[in-house]
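Participant:
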Amino acid sequence: MSLLAPAPLRAVVVDDEAMSRARLCRLLGLEADVEVIAECADGDSAVAALRRLPADVVFLDIRLPDLNGFGVLQALPAARRPQVVFVTAHAEHALRAFDADAVDYLLKPYSAERLGAALARVRRARAAQAQAQAERPLRAAASGEGAREGYPQRLAVPVGARLRLLPVEEVECVIAQSNYVELHAGGQAYLLRETLNGIEARLDPRRFVRIHRSRIVHLQAVRDIEQLDGGRYLLRLVNGQRLGSGASYRERIREAMGLG
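Throughout the sequence shown, residue numbering follows my numbering, covering 1 to 260 in sequence.
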């Protein structure tokens, strides 16, 4: 089965200098995956074109007649604003350009290699945006389930290049690992970029209890519990894991386990 090639990058070129505009269009024309869909010589026509056409990237000069490059972006609604590569002879605007979330800043005269590096950044940004859009329905499905009680019934966890919708009932415990949490379920451990506080807020407190600053357990996964010195407990899970609790969580554990 053959894979479909990604759609061409639809580019708009905005520059009031005809020679500069022509050179940029010629260089972009050498790229197999780039299609120049409009050329503009001033800010007002750039705004009109970007509002009308579905552009992926705009190569935008800063000093333009009528409306400068920053004014062009401000005149566009967020939904119509493509990725931006500023192309200018003036280096002093670089900081403001990146404040405007520009993908790159080409300083004239630039080489074909430098333009190629900018296009590589545009392609990476578009791929990341496409991935985020593809994941959004899965994450919405995961967080939307069980909305009647306010807690999700599934969690979207990365497995390679895919997302697995992991039923919350299968999660036996959650352990903090630096900037991630580790979800243990069915003999597997899944890393999720989340804080323990964040994942705790998404779990039903009637089914999960925090036993330590770095550990949460599913009550149904606990096989037995042993009291230790200093108000601590040792919890043995049905999967064979042994988890110690923190002393400050004593009352929370006693209430959750019905220990009186």
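Beta carbons: idealized from backbone N, C-alpha and C, even for Gly.
Helix, strand or coil, according to DSSP, for G244 in the structure here?
Facilitator: strand
Participant: So, is the C-beta of A94 closer than 8 Å to a C-beta in chain B?
Facilitator: Annotation note: the requested chain B is absent from the structure, which comprises a single protein chain.
Participant: Going by CA-CA distance only, name the one from F86, I199, A46 that's closest to D99.
Facilitator: For D99, the closest C-alpha among the options F86, I199, A46 is that of F86.
Participant: Does the stretch 233-245 come close enough to the stretch 208-223 that 3 or more CB-CB pairs lie under 8 Å?
Facilitator: yes
Participant: What residue does the alpha helix (DSSP H) around D99 start on, and which one ends it?
Facilitator: Annotation for D99: the continuous alpha helix (DSSP H) segment containing it runs 94-99.
Participant: For the candidate residues R215, R250, A22, L67, whose alpha-carbon lies nearest to that of D229?
Facilitator: Comparing alpha-carbon positions, the option among R215, R250, A22, L67 lying closest to D229 turns out to be R250.
Participant: Do V84 and V12 have their C-beta atoms within less than 8 Å of each other?
Facilitator: no
Participant: Roughly how many angstroms separate the alpha carbons of F70 and I175, rounded to a whole number?
Facilitator: 46 Å
Participant: Ordered along the chain, which non-local residues of its own chain (more than five positions away) have a Cβ less than 8 Å from that of N239?
Facilitator: E172, H184, G187, A221
Participant: Could you check the C-alpha separation between L237 and Q227 for me, to the nearest Å?
Facilitator: Spanning the two alpha carbons is a distance of roughly 15 Å.
Participant: Please classify A130 as buried or exposed, where buried requires at least 16 neighbouring CB atoms within 10 angstroms.
Facilitator: A130 is exposed by the Cβ-count criterion.
Participant: Can you name the start and end residues of the beta strand (DSSP E) that R254 belongs to?
Facilitator: In the DSSP assignment, R254 falls outside any beta strand (DSSP E) and lies within the alpha helix (DSSP H) extending over 250-257.
Participant: With DSSP run on the structure shown, which of helix, strand or coil describes R114?
Facilitator: helix
Participant: Identify whether R236 lies in helix, strand or coil by the three-state DSSP scheme.
Facilitator: strand
Participant: Could you check whether V103 and L9 sit closer than 8 Å to each other, using their CB atoms as the reference points?
Facilitator: No, these two residues do not count as a Cβ contact at 8 Å.
Participant: If you count every other CB in all the chains shown that lies within 10 Å of the CB of A147, and 16 or more means buried, which is it?
Facilitator: With a pLDDT of only 45 at A147, under the threshold of 50, the placement of this residue in the model should not be trusted, and no figure is reported.
Participant: Could you tell me which residues DSSP pairs with F86 in its beta bridges?
Facilitator: L60, Y105
Participant: Rounding to the nearest angstrom, what Cα-Cα distance links A77 and A49 in this structure?
Facilitator: Position check: residue 77 holds Pro in this sequence, whereas Ala was assumed. Spanning the two alpha carbons is a distance of roughly 13 Å.
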